[in-house]
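What follows is a set of notes on a single structure, which appears directly below.
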Amino acid sequence: VSLEESGTAGPQCDKLLCSPLRGDGLLPTSSIMGDTGPRHSGGVCIEGSPWIWQLLQQCVGNAWEYWSVIVGLLSITCFLFAALPQLYVAHTNGRVDQALSLGFLLCWFGGDFTNFVGCYLTNQLPLQIITAIFYVNMDIIMISQFSYYKLKNNRLKGNGSLKGICILWVVLSITLSIILPSQLLLKKHDKNTDVEVNQKTIGITEMSGFICGYVSSVFYLGSRFPQLHKNFHRKSTEGTSYLLFALAMLGNCTYGMSLLLKLPAVRHHKSQYILHHLPWLIGSFGVLILDFFMTAQFIIYRKNKTNKTKDLFAIEVEPLLVDEKEI
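Here our numbering is used: position 256 in the sequence shown is 339, and no number is missing along the way.
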């Protein structure tokens, strides 16, 4: 979902690494402003780190850019594993339909899907496309799990409904397995073919990425409100894994840091840089703030649960003690 391929820096412009999130639309791995000159020539990185060039095709010219990439990769790692604890809790608890809000899951899926569309439209790197598809894949698994337990707990014996969900999941999985290699093949073909891209095409691509960034941010921000409301209505967070939100918080925090680490030194360039990344800054730090409210709910409702348990224990024990005294 690249705004940095706008041609403002000519052939020196690097690409972005799309990120989920969960509050972000993409993870920038290059600066768009303040480049002093070309740092790679003929497909070889002259001044930058070799492993970053091989993995991301980006030449990093200083320590700030290097740590921006490191922190950005940490952000992706957090988002990759964020859903796994929730999937485990849902499997052991069997009440995910009562714990999670469907609006939360659908908005999260919408954010990841628009992120994937942005990667597709702007012809991003294979690593970006693989990451984006993985996020969508995990969302589909979570929604499928939610739907399964929703039907099961409501005692809808219609096997046709469960079979329909299974068939839908298989179709989506096959679709993703076709999209992934096709994108990699197209990317490889593009690398071996020199195509002159006019400014009009670049402008359309930049605008599409910008729109996808804003749409993703809206989805990610909107996803928290249904879950916050459901927790408040239930007065409980039972059935949800806090690691889901803790890893999302860490991912959004490191994502925002990866953006800020690459602020250009020149004030004019700073304002342009922030403007170009505004959708994803809003998405990452906005969701981070909402997740603090989510954390507060986990703390408050856990204390309430502990107090209720103590009260129940006291009610059960007190009559026994009274009887013993009477004897």
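Glycine is no exception: its CB is placed at the ideal position from the N, C-alpha and C atoms.
Legend entry - G286 burial status per 10 Å Cβ neighbour count (16 or more: buried): Under this definition G286 is an exposed residue.
Legend entry - Exposure of Y303, with buried meaning 16 or more beta-carbon neighbours within 10 Å: The residue in question, Y303, is buried, as its Cβ has 16 or more Cβ neighbours within 10 Å.
Inset, instruction - Return yes when the Cβ of F229 is within less than 8 angstroms of the Cβ of L188, no when it is not. - result: Against a cut-off of 8 angstroms, the Cβ pair of F229 and L188 comes out as a contact.
Inset, instruction - Excluding the 5 residues preceding and the 5 following R307 in the sequence, name in chain order all residues of the same chain whose CB lies nearer than 8 angstroms to its CB. - result: The answer, listed in chain order, is F187, V370, L373, D374, F376 and M377.
Inset, instruction - Out of Y232, V143 and N198, state which residue places its alpha-carbon closest to the alpha-carbon of G292. - result: Comparing Cα positions, the closest option is N198.
Inset, instruction - Locate the alpha helix (DSSP H) running through N198, then write down its first and last residues. - result: From DSSP, the alpha helix (DSSP H) with N198 extends over L185 to L204.
Inset, instruction - Flag this pair as touching only if the segment 320 to 330 and the segment 134 to 153 have three or more C-beta atom pairs under 8 angstroms; answer yes or no. - result: Touching, no.
Legend entry - Closest Cα partner of V200 within the set K233, S184 and V298: Minimum Cα distance to V200 is reached at V298.
Inset, instruction - Return the chain-ordered list of same chain residues with a C-beta closer than 7 angstroms to the C-beta of L344, the five sequence neighbours on each side being excluded. - result: Within the same chain, L344 has close Cβ partners W147, W150, S151 and V154.
Inset, instruction - Determine the extent of the alpha helix (DSSP H) in which E321 is found, giving its start and end residues. - result: For E321, no alpha helix (DSSP H) run applies, since DSSP gives it neither H nor E.
Inset, instruction - Decide if I226 is buried, meaning its Cβ has at least 16 other Cβ atoms within 10 Å, or exposed. - result: Counting Cβ neighbours within 10 Å, I226 comes out buried, since at least 16 surround it.
Inset, instruction - Decide if N314 is buried, meaning its Cβ has at least 16 other Cβ atoms within 10 Å, or exposed. - result: Buried, since its Cβ has 16 or more Cβ neighbours within 10 Å.
Legend entry - Contact check, K318 vs Y218, beta carbons under 8 angstroms: Using a Cβ distance threshold of 8 angstroms, K318 and Y218 do not count as a contacting pair.
Inset, instruction - Mind checking which residues open and close the alpha helix (DSSP H) that includes L138? - result: Its alpha helix (DSSP H) spans residues P133 to L139.
Legend entry - Buried/exposed call for M290, threshold 16 Cβ in 10 Å: Exposed, since its Cβ has fewer than 16 Cβ neighbours within 10 Å.
Legend entry - C-beta atoms of L184 and P309 nearer than 8 angstroms: Leu is not the amino acid found at residue 184; the sequence shown has Ser there. At the C-beta level, S184 and P309 come within 8 angstroms of one another.
Inset, instruction - Sort N176, L139, G131 and G296 by Cα distance to L204 and report the nearest one. - result: Looking from the CA of L204, the closest CA among N176, L139, G131 and G296 belongs to G296.
Legend entry - Selected residue, minimal CA-CA separation from G193, among D222, L156, T214 and V179: Out of D222, L156, T214 and V179, D222 has the C-alpha closest to the C-alpha of G193.
Inset, instruction - Can you say whether P133 is buried or exposed, counting buried as having 16 or more other CB atoms within 10 angstroms of its CB? - result: The residue is exposed, with fewer than 16 neighbouring Cβ atoms inside 10 Å.
Inset, instruction - Would you identify the three-state DSSP class for C295, choosing helix, strand or coil? - result: C295: helix per DSSP, three-state reduction.
Inset, instruction - State yes or no: is the C-beta of A165 within less than 8 angstroms of the C-beta of A331? - result: Cβ distance < 8 angstroms, so A165 and A331 count as in contact.
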